[in-house]
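Residue numbers (my numbering), protein chains in the order written: chain A, 43 to 259; chain B, 43 to 259; chain C, 43 to 259; chain D, 43 to 259; chain E, 43 to 259; chain F, 43 to 259; chain G, 43 to 259; chain H, 43 to 259.
Taking it in order: structure first as structure tokens, then the write-up.
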């Protein structure tokens, strides 16, 4: 008997379908969860599914998974709706932050949203932001991803009417290793309207954005 | 000449009127800011205005200030609109968290929102939450305030469709002194849809909620 | 001559048989300890015995070990008593916490106790806890295992008469990496009757529970 | 209307009567809570009631409070039962730890237990412990209080069959300021059967001990 | 005999006259140092001279001191040269950072430099920076002072040819209390050419700027 | 389409050509960046290019890269000018610090500077420093690299007129693991004129030195 | 009955007479301890006796105490021997470190040692150290006191045959506030023969030196 | 030309021969250092020489090295004197601490000392210490090695006249991972005469002991 119970009612209760956090789970448990979803034909989002764990899955399970190695996410028994919803944009400071930005994008997709991604919008090159500012302004909610010193969170918060969901990325070294500096920058922002989720938590940033959007649709 | 320039256009740009963060400012600068607003008849919100600083202000300035010692906020040249907007609720884990909950409430008022406050909604007494759950569910956005271990953030996130803006409170001692444990609990929450602002940042939680509401009105 | 002396009297003195903490010990020392126990026919519990160390042991020693890779524990020269004692339950927030929950269960077994395990009892899905609450209530002492934000410790402490021994698990990332957030949540719990052991210390949680049970039998 | 609701059913549910954590509460709220209890004639334990707050209470409330400045606790509308229960001992490393030890003793009293206190049982003078060892051994559960390096937790854990509830005390300076070193020593103890509560949490240590005792009576 | 020896040759050796760090020194020692300088007619800069210490000095010493309470600095036996050197600018994020900015300005003055100060140049109001950018660009070296999240360090580093000496200010609360977040932002800056001195070290920032200028004059 | 936009105007704006921080970027993105530069014939500096990533590049790209495994840097489409500029020296405490010192040297080269390197100038052997002091004194700016306790930063600051750019190195273990102790020593230096960049940030130290030199040429 | 037992045999056992750590003890307990010593005519050393506590003692107790406010120590019923032993020197980086250096000197005196004190021996002024080097070299053991970055510990360790007992001092601000940077510098020293005691622990440094000296006399 | 200079005069100056800290050095540099010593026939101690680095050395260099994988030390061109000096003992809490204890023993040997090693002297089994106490008491100086909570440092300090040099070992997990808890326990010890070196610094503990012994011979 597999070591899990599926929270099929979570969607009804919170508006967010339950996802499977694969980190720390043994291969057997992950396989059992996948088999359950295939059998039940219920869609699932798997996060933190490392490439080596994915590679160890049986081929017939791999075939069923839409796997993305950059974000380490997999979609299972999932067909996106014909029309995706809009209103959310993802802004990432550098290409090194793609891991997190992509996890957010995939989670949004799983919840029925298409979100344009604005890359390389760092503070060291402010004009790149200025070039895209009008396009970014068209969205209701901004998910911002940045590592290092995370200065972009405050800059965006000071320029936009949209609330900023800051997803700090564990890109950095020395004093900023692990993403704490970027997280603290988001929390200590002198610009109002900046909220933070955990470091590397693209999934959580997307869920928060979805919950907001769903409250007003 | 006073040491400040007033950002009168911030409202237009970000939808949030600039507030005056009084902590670290000397008395003379605070007085100059107040005088400027009285002269210009522009409304202002002063935060982190400690009681002893307030007491040191000249009586004619005190008279103009609607001061609340619990939240250490003052409203200046401000008349609330005839009809306040709704959609935001404040949930606080204990009466010790009133400082922060009240700062959020006053900031909401300054931005035109009335927000009911649900107090003493702690995890050690879960049925209190259950008693109020239906009432809390009627709101679009929840500002949750808690110190100690901050378990209420996850409990609310798991029970509600509304996004949770967690405002950790610096209530605690030993390992939770200063509010870090509550903050970390919000960030590490296993329930999706929980976002955090800085410890004791009732002002920032309210601004985030206002920015969200304004995007959809 | 092996680099160790066996504390055969510890059982008499503290009621807990000495275990072998294998982490940091070189292979030769671990082999010597195993050989000693086989020779003396004295039962032993080995903890933190990594799979690769276990694999490097000679086959004849492997045969003598009842090894569990999830908890990294091995039982040696041990036959459980015909009738196991009861009174202790293990509650784990997610399947990712099995490593720790299983270490506790195996330590309990080695000390003569059978403990039912309640899995996937997280705060994001409170009704799962509610479903099992009556069953959990039948036990004298609860060992609770959780990573992330560890909110379940407080929820259990507020609902049960039983004391909670919190064993935080190093499941998490970003701000909760390494288990500190879960540990701090246990220590800062606003619910009385929550005690903590070190992160990932399923062994210590079980020893504490055994010591309590033994005092009253 | 006072800012609180009283959890009168907590006793029924968890076996521990709710206490009032006064830290962070404003004077008006504390007064309202006291008045409520006097009116309802329900016993209450107030913790973290600083001497200056106590001094600011109206004389008629002070008269009703059995206040102890060392532990900063007050008993209200409380008459101890004719016969107090036994089974718990308090061991404190130094007289500087009295604050915490006394908070534990008063909480035990409020829950119907009398607990002998063994003072000055530090590691630097091991024979003091040896002198008292036989007396200490007569108790089912030991609450141990120590600051500095907290070595006594491990020494007791290695010598006794009783479980040790370690209550680290914020006595120390430099690297041990705030009690973290003592707390970490308890958590990292190489002796099995040591559990920890938060720094300075004599109240929590006592509640845990009471919950254990109540499970077996 | 006073507890000090004066390093009169430091100026010759490092190009920076020795200053007196008053924090932690007892009143008697500070008085002796002042008396020595008055007697020797050698100029001195006193830093971290708290107002209450200054108030406790004998009136005849106070008269000799050019004391500034905001920066807690005093100049003694010092006459600025007829013509002050230029090339250094001070940029401060908010008026709360004046303490540090002023310490830098006074140290520059003591070393023969006049530095214009640009205040309220925060990231939440980027256009204020843009308004002053041309003026700021005229200087060889920029001393930047900011607390909170310190995003301005990176913004300046990305816009200017001048090296940025970041002096983080201990303005903030919660996660940014004590200035660590601002310091880490400076160190982790994604813009090249940002160097940091210790939190609140306006003195050190100024000395570094002076050493640079002196190398090229 | 590659996931990047090249900041070709950065040089004009800040005087420093943009470099490519390879850490966290996937192989495909790094290849695209290299291809772009080869095509455009624009010089580039790649930093944090790990040997295993370099080995995975196609041979024709490897041939175009001047790669140095010690500093993990690569120069691309770069021909040093006939005459390199001088004025900067690099002082390293031990050979273990070569990684960082070399990253600084290569960055200086890419910006047109030749910098002599003084190795093994530690505090435990002060006479080695004394032997080289006159030679070191001939430079305008000193980049100092040290791990462990970083005492050399203060010693140099007290002996030289040149400003010291401290680049702490992540050499150490136990309490100094990761370089924080060396960084803190630089920041807390009692010698004026010491500025710090992030741990292991030889690139940033060099950029700061270049920006200074360029301001005065 | 006073809350203490006197460890009169400690001297016999460890060679160090027990001292009274007054921090955290209530006035009544301190008075009882003093009274006991006066009655028994046994010498005592009181440490961490704050001036305000000392001022609150009855005049007849004050008269019996040889109190030093800088080190916050008091000697009681103590007459120094006619001839004090030598072999230990105290080196302090600045006059701000006197608090700690003096605590060491008074503890040495109480144990029969006279120790010369070398003040203002900081790294920023290396020649002061050089001037005194020959004198310092005459001692068997060096107690070194420094705050800030504590570079002097390594410099002394590299120049002397004597072992260095580093007593870090809580002098500093920002990143070095509380003395941690100085402590870490001592522990991470690249010079062999440097040992550390806790921050501000002049008492412990002296006891260690005395224990060493006593082993060889 | 190799990247190093050999400090052949260190022995004369500090009484301790220079050792080679191999961590962070590249293979080529280590080979050059070994070749230099073979050529010069000067003895050397190599520390932190990982087994894989040692394996990569040319066979003719391996033959010249007396290598010990447990302590990762190698002796080169070294013949111990006919008669080794005594006076120092090594006490280790568990066999997991052998790495550090052995590094100390090998460093002592290189400096001409033989030191008996007392293993498995932990606090959880106090009688083991008592059994060996008389033997341990015969030594002038004790090097104590322990990880976890490091309680043995205080126990030894309270029982012995000898000074204790505490070498914390990075054995532990969760809150004690990396050895910080053991280090803090040594520093915060309530027993006088305990000094600490860095975590895992068996080399430094031995050098300190040698420096002490040499001062008195």
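Ideal Cβ placement from N, Cα and C applies to all residues, glycine included.
Sub-8 Å separation of residue i and residue j beta-carbons
i, j, result
"residue 241 of chain H", "residue 214 of chain H", "no"
"residue 159 of chain H", "residue 134 of chain H", "yes"
"residue 187 of chain A", "residue 165 of chain A", "no"
"residue 229 of chain H", "residue 239 of chain G", "yes"
Which residues DSSP lists as bridging residue i, in chain order
i, result
"residue 206 of chain A", "A:184, A:236"
"residue 130 of chain G", "G:183"
"residue 262 of chain F", "This structure cannot settle anything about residue 262 of chain F, because the visible part of chain F is limited to 43 through 259."
6 Å CB neighbourhood of residue i in its chain, flanking five on each side removed
i, result
"residue 96 of chain C", "109"
"residue 88 of chain G", "62, 64, 116"
"residue 146 of chain A", "132, 185, 244, 247, 248"
"residue 45 of chain D", "Residue placement at residue 45 of chain D is poorly supported in this model, since its pLDDT is 49, which falls under 50; the coordinates still yield a value, given next. Cβ within range, chain order: 71."
"residue 138 of chain D", "213"
Short CB-CB distance (under 8 Å) between residue i and chain E
i, result
"residue 142 of chain A", "no"
Close-in-space but distant-in-sequence residues of the same chain around residue i (CB under 7 Å, 5 per side omitted)
i, result
"residue 254 of chain C", "183"
"residue 175 of chain B", "201"
"residue 250 of chain H", "207, 239"
"residue 92 of chain C", "114"
is_contact[residue i, chain B] using C-beta, thresh 8 Å
i, result
"residue 159 of chain A", "no"
"residue 132 of chain E", "no"
"residue 217 of chain C", "yes"
Beta carbon proximity, residue i to chain H, threshold 8 Å
i, result
"residue 66 of chain G", "no"
"residue 45 of chain F", "Reliability of the predicted coordinates at residue 45 of chain F is poor, the pLDDT of 48 falling under 50, and the value obtained from them is presented with this limitation in mind. Taking Cβ atoms only, chain H never reaches closer than 8 Å to residue 45 of chain F, which makes this a no."
"residue 99 of chain C", "no"
Any C-beta of chain F under 8 Å from that of residue i
i, result
"residue 193 of chain G", "yes"
"residue 229 of chain G", "yes"
"residue 238 of chain E", "yes"
Interface flag, residue i vs chain A, CB-CB below 8 Å
i, result
"residue 254 of chain C", "no"
Same chain only: Cβ atoms within 8 Å of residue i, ignoring 5 sequence neighbours per side
i, result
"residue 83 of chain F", "119"
"residue 179 of chain B", "202, 203, 204"
CB contact check: residue i to chain D, cutoff 8 Å
i, result
"residue 112 of chain B", "yes"
"residue 214 of chain G", "no"
Check: residue i C-beta below 7 Å from any heavy atom of the ligand ADP
i, result
"residue 66 of chain F", "Looking for the ligand ADP in the displayed structure turns up nothing, as the structure carries no ligands at all."
Contact with chain G by residue i, beta-carbon distance below 8 Å
i, result
"residue 197 of chain F", "yes"
Specify whether the region 116–128 of chain C and the region 150–159 of chain C touch according to this definition: at least 3 beta carbon pairs, one from each stretch, less than 8 Å apart.
yes
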